[in-house]
Amino acid sequence: MGCRLARLHCATSSHRDACAWYYNVKVSTYSFDEEVQERWGHTDAYQESKQRQSHYTAEDIEMAKKQAAQAVDMFVVAMTAGLPATSPEAAQAAEAHRQAISDWWYNCSYDIQAGLAEMYLADSRFRQTYEDIHPGLSQFIHDAIMANAIANS
């Protein structure tokens, strides 16, 4: 049922609300509904996410997915161009990622986004989702998000 480290991190840190949001979204082919409800059903972020989703049409969900995919595409472009995770292009991708979450689910602070970045490496389900897109992408996304969070702290 996932990486114990990621779940422990989510359950014991300020990032648990971000984790609740992300697990509530179906990533790749996995559905985390039961795990989400069990782990984070009591959190404010979970409730906010469910509240927002309850008003979304199928078109809204597709737009949310498209916005998230555009952010991932920006990471891929920066990475395959050989740019470092500290580059302005990687920072723009990190901002697009953060904005996609904020636009569709709830306000994603740099701290929350950093928690997501940690989970992208710690939880094999998330890591594999990004690795299937491009080898090394999960590490690059992590590093770009962390660099951007530090730069904006």
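Here the sequence shown stands for residues 157 to 309, numbered as in our numbering. For every residue, glycine included, the Cβ atom is placed at its ideal position computed from N, Cα and C. A quick note: this is a predicted structure, and the numbers were derived from the prediction, not measured.
Rounded separation between residue i and residue j - CA only
{"i": "tyrosine 178", "j": "leucine 272", "result": "Caution is warranted here: a pLDDT of 42 is assigned to tyrosine 178, below 50, making its placement in the model unreliable, and no coordinate value can be reported."}
{"i": "glutamine 248", "j": "methionine 230", "result": "8 Å"}
{"i": "isoleucine 301", "j": "glutamine 209", "result": "25 Å"}
{"i": "alanine 241", "j": "tyrosine 262", "result": "25 Å"}
{"i": "histidine 198", "j": "proline 244", "result": "38 Å"}
Backbone secondary structure at residue i - three-state DSSP
{"i": "glycine 271", "result": "helix"}
{"i": "tryptophan 261", "result": "coil"}
{"i": "histidine 239", "result": "The amino acid occupying residue 239 in the given sequence is leucine; histidine does not appear at that position. If DSSP states are grouped into helix, strand and coil, leucine 239 belongs with coil."}
{"i": "aspartate 279", "result": "coil"}
{"i": "asparagine 308", "result": "coil"}
{"i": "proline 291", "result": "coil"}
Any non-hydrogen atom of the ligand SAM closer than 6 Å to residue i Cβ
{"i": "alanine 247", "result": "Absence of the ligand SAM from the depicted structure is noted, as is the absence of any ligand whatsoever, leaving it without description."}
Buried/exposed call for residue i, threshold 16 Cβ in 10 Å
{"i": "alanine 246", "result": "buried"}
Using 8 Å as the threshold, is the segment 214-228 in touch with the segment 267-283, meaning 3 or more CB pairs across them?
Segments in contact, no.
If contact is defined by three or more beta carbon pairs under 8 Å, each pair taking one atom from either stretch, is the segment 290-300 in contact with the segment 230-239?
yes
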